[in-house]
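For reference, the structure is listed below as structure tokens.
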Amino acid sequence: MLSVIRGGRVVDPTASRDAVGDVWIEDGRIVDPVGQEPDRVIDASGCVVMAGGVEVHSHIAGGNVITSRLLLPDLYVSEASPEGHPFAHAGGAAGWIGSTYARMGYTTAVEPAMPPTHALATQLELADIPLLDRGALTVMGNDDQLLQLLRERQGGNAVRDLVALSVATSRGLGVKCINAGGASAFKDGALRLSLDDEIPVYGLSTRQIMGSLLDAVEEIGVPHPLHVHCNNLGLPGADDSFVETLEAAEGRRIHFAHAQFYAYGVTEGGGFRSAAERIARAIADNPNATLDIGQVVFGQTVTVSLDILRQFAGRKGANPKKWVLNAGDAEGGGVVPFLYRPRGPTSSLQWAIGLEIMLLSTDPERTILTTDHPNGGPFTQYPRIIHLLMDKSERDREIATLPGVVGERSGLPGLEREYTLSEIAQLTRSGPAKLLGLADRGHLRPGACADVAVYRDTPDRTAMFTAAKLVLKDGVPIVEDGEVVEWRAGRTLSLSVESDPAMAKRADTYLTDRFGAGLDSFAVPDAAFDADADTFEVVPCRV
Amino acid sequence: MAAWVKGGATDAGTAIGAAVSLLAKARAPVIAGLSADVAAIRAAYDLAGRIGASIDTAGAVGTYAELGALSRVGAITSTPAEAVGRADAVLVIGAAPWRTPLLQRLSETKPTRGRTSGSDRALLALGAGADSSKATFSHPAEDGLAEAVADLRAYGKGHLAGDTPQAKLVAHLTAAQYGVLLYDPAELGELGVEMLQGFAMELNETTRCFTLAMSGADQDRAVVPVAAWLTGQAPRSGFGRRVPEHDPWRFDVARQVAAGEVDAVIWLAALPVDRPDWLAAVPSVALVAEAKASLADVVIAVGRPGRDLGGVLWNEQRAALTYWPASAPTDLPSAASVLGSLRDRLAEGRAASRSEPAC
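Next up, the structure:
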């Protein structure tokens, strides 16, 4: 079927396009105008037309997310189910995640923390998120098998083969390391870890583990650079960890997760002040690096992380006073409820720092909007954050309600910049799609997936981006006037990666000895998914 | 397909038709048991959400001892493989964990990972029923398990002191570098689990010590995550008002049946669990692997996952959901497919009734 979205303001920074025009769609793909009558005309006059949003870092599935629902069953509000999906309005559930993202114009979302030991459960959960295409990053960096290889100096090829095997077995879209070595160190009694601290028993450092993973990702040709959660998240002076980690990358591609939580310079009294300028400058000076923000928003949330060192330290600040820590296989994890106190000095400064990093960015395509859902707050706050980025007066109104520390310890009040729609599209579409290596997403050029969001162009950007007028997924309308109209399933994007049979054999022996069950029990087979659904879509490696 | 209606053998279509008739009349149906693979659990939730049923599980006693404590205080936990690889001290609480394969493995091995690697492992016992050939130190807990754990916690906090067996147990765990507290939630009970988690959390002020729960023969460990991702809530929830309502008291199926609140039950046991007594008291449909004509008003034999057909099940040894291929494939239908048929047939019926003119 040939369709045209006609007369909207088409915003596609990858084609330097920001003008009223048409977008043509045929068989689920964007096409050039074909000079024939379309079967369907979609009137977009008065609207903004963008590619579907792409999420790179949102905790939407996995063991910690499950635990957070059980620990805080009242965190989200549930409403009566709509026609067509029994649980789409069940707060925090997979159906709610898919429909809420879709209503905001997002069409792809990535869970950034999938431990290989629990890949099947994570993938099954992702597959139950409707409407969106999904993916997950395979987490490595604390597992005994990897650390043994490094301790015994078995060489880069062995690490590469183990990483490739882990990604292939778990059907990941990329690789992430989380406070590399930190979980292992915690189990052996450590309470803090910096880049060059020795990890007990193994005689390794985060620098060595991360460096080996950076090399492995490049050798395998994983399109997404290594996704790095640094040491010392949330501590005053974490900006040093960020910059040292960037330097340790030595020019290799690297993505920094939730950078806001590291943009904390230490003050004389041991408190923190914004290091947004330092972080923004470091990224500007290093084209090999990207970051996502981890913007804080005010209110109750729950923090979920495989960084058990950080979560163990954070337990004392749990609000309400209950928490879960799992010293699990390899990574483990922690779930700590947290209240970003409205108008509290600490949360206000964190809020300001996130916005500051984005407003100081010289390249929004390398500065991805996230809240690290739910760690900085829920992803449902993206429209409000976009509003604040686009409207200086709206920022000033909010800053006026906040304590003076925002002006004293951050530069936010002095920043005049207002994001354009093109820059918003870089922050939420083209940037994350490029970062994930998804060449046919995040833009509206011919050949792209027809994942398209149409928004009413109103000054209230919060309202505009909360409920899209129309969202197409693969050319099919899934949202109209802010409501889901077609409950279709998306696909799970997973990397096509060859694994070495010799490493598979070694891993099978190792796993059988450790778990009493071999590599098969870590597999994510097609047979585990709905037989009538085409769950997985292969993404090729870089050549 | 083996199927029975009111004790008489019949074909699949007739049995499904009878089940649809039974369910279509129900105003307060329940899907119970859920001892099944993930596909069937998902299908059960989908059906419950669409017909307004509530859900309860076969292992709810243990599951609620865990979940109740979890939602009040949280937890600090380890895994079987980590316990085997790292634990230099294991406190076995109650009798049930002594009968598990994990306990056997713990008794036969020494730590091999981390700072405890190569050291000896002490197996300590709290409560009656310990295997005296394996336990290096025992304390019988005559006043009850939960009380005994509370005692240990008081010693750990310094609220109690003295040269007692409890003090020795606490001293052992405090001196350990990776302690594990092994328990069966159904045996320990909700207050005991809450006390144990508090004890473990406090031990971690100075060392590493984690709890590890054993599960029952049911598939509750698979139901809980699936329920959480599908509905945002733990099981024992109802969908009669089109909103997931989580209420462990209200949706306890045994209580509901006793109170006369239930008018139809689907008993789902693709993996064998004990048949509850209350099943005979309500109109019922049983989807079971080990089928018997007398089990329910309508009985449909389904394949057992991991034997007759492949499926994702809780793997106790791995503490994870894993896929089990069919070990001896048969052509029995999957529970998920039967539940899907029921859903489709009930939806057709409702659509037809809506299209009839109102009088």
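These protein sequence lines are chains Z and W, in that order.
Each residue of the first sequence is one higher than the last, beginning at 1078 in this note's numbering.
Each residue of the second sequence is one higher than the last, beginning at 160 in this note's numbering.
Glycine is no exception: its CB is placed at the ideal position from the N, C-alpha and C atoms.
Determine the DSSP secondary structure at residue 1393/Z, reduced to helix, strand or coil.
helix
Which of the three DSSP states is assigned to residue 467/W in this structure?
In the structure shown, residue 467/W sits in coil (DSSP, three-state: anything other than H, G, I, E or B).
Leaving aside the five residues before and after residue 423/W along the sequence, list all residues of the same chain whose C-beta is less than 6 Å from its C-beta, in chain order.
181, 182, 185, 188, 442
What separation, rounded to the nearest whole angstrom, lies between the Cα atoms of residue 385/W and residue 1110/Z?
45 Å
Inside the region 276-352 of chain W only - alpha helix (DSSP H) runs reaching at least 4 residues:
For the region 276-352 of chain W, the full-length alpha helix (DSSP H) segments reaching 4 residues or more read 304-316, 324-334, 344-347 along the chain.
Would you tell me roughly how many angstroms separate the C-alpha atoms of residue 492/W and residue 1604/Z, rounded to the nearest one?
15 Å
Closer than 8 Å is the cut-off here; do at least three beta carbon pairs connect the region 1091-1105 of chain Z with the region 1515-1530 of chain Z?
yes
Give me the Cα-Cα distance between residue 1279/Z and residue 1225/Z, rounded to the nearest whole angstrom.
Each residue's alpha carbon lies about 7 Å from the other.
In this structure, does DSSP put residue 1132/Z in helix, strand or coil?
strand
Of the residues 1425/Z, 1501/Z, 1114/Z, 1395/Z, the one placed nearest residue 1484/Z, counting alpha carbons only
1425/Z
How would you write the range of the alpha helix (DSSP H) that residue 1039/Z sits in, first residue to last?
The question about residue 1039/Z has no answer here: the residues shown for chain Z are numbered 1078 through 1620.
According to DSSP, is residue 1317/Z helix, strand or coil?
helix
Using only alpha-carbon positions, find the residue among 1240/Z, 1290/Z, 1186/Z that is nearest to residue 1257/Z.
When only C-alpha atoms are compared, the closest one is 1290/Z.
Taking residue 1581/Z as the reference, which of 1135/Z, 1100/Z, 1235/Z, 1101/Z has the closest Cα?
1235/Z
Residue 1306/Z vs residue 1513/Z beta-carbon contact at 8 Å
no
Output yes if chain W places a C-beta closer than 8 Å to the C-beta of residue 1158/Z; else output no.
Nearest CB-CB separation between residue 1158/Z and chain W: below the 8 Å threshold.
Along the chain, where does the alpha helix (DSSP H) containing residue 1223/Z start, and where does it finish?
1221-1228
Give the DSSP-derived three-state secondary structure of residue 1162/Z in the structure shown.
coil
What are the partner residues of residue 1533/Z, as DSSP defines its beta bridges?
1124/Z
Going by the beta-carbon positions, is the gap between residue 407/W and residue 223/W smaller than 8 Å?
yes
Compare the C-beta of residue 1609/Z with all C-beta atoms of chain W and state if any pair is closer than 8 Å.
no
Look at the Cβ atom of residue 1213/Z, then the Cβ atom of residue 1188/Z, and state whether they are nearer than 8 Å.
Inclusion of residue 1213/Z and residue 1188/Z in the CB contact set at 8 Å is warranted, their separation being smaller than that value.
Alpha carbon to alpha carbon, how far is residue 195/W from residue 494/W? Give it in angstroms, no decimals.
Rounded to the nearest angstrom, the gap between the Cα atoms of residue 494/W and residue 195/W is 8 Å.
With a 10 Å radius around its C-beta and 16 neighbouring C-beta atoms as the bar for buried, classify residue 1546/Z as buried or exposed.
buried
Between residue 309/W and residue 360/W, how many whole angstroms is the CB-CB distance? I'm expecting something under 8 Å.
Their Cβ separation, rounded to whole angstroms, is 14 Å, which puts residue 309/W and residue 360/W out of contact at 8 Å.
Sufficient close CB pairs (3 or more, under 8 Å) joining the region 1112-1124 of chain Z to the region 1433-1443 of chain Z:
no
Determine the DSSP secondary structure at residue 1089/Z, reduced to helix, strand or coil.
strand
Nearest residue (CA-CA) to residue 1606/Z, options 415/W, 454/W, 472/W, 245/W:
472/W
Quick check on DSSP: helix, strand or coil for residue 204/W?
If DSSP states are grouped into helix, strand and coil, residue 204/W belongs with the helices.
Which residues of chain W have a Cβ atom closer than 8 Å to the Cβ of residue 1195/Z, listed in chain order?
479, 480
Hey, would you say residue 1048/Z sits closer than 8 Å to residue 1304/Z, going by beta carbons?
In the structure displayed, chain Z extends from 1078 to 1620; residue 1048/Z sits before or after that span and is not available.
Compare the C-beta of residue 1150/Z against all C-beta atoms of chain W and say whether one is closer than 8 Å.
yes
Any C-beta of chain W sitting closer than 8 Å to the C-beta of residue 1326/Z?
no
Could you check the C-alpha separation between residue 209/W and residue 502/W for me, to the nearest Å?
8 Å
Could you check which residue in 1205/Z, 1078/Z, 1133/Z, 1144/Z has the C-alpha nearest to that of residue 1399/Z?
1144/Z
Using 8 Å as the threshold, is the region 1558-1568 of chain Z in touch with the region 1505-1519 of chain Z, meaning 3 or more CB pairs across them?
no
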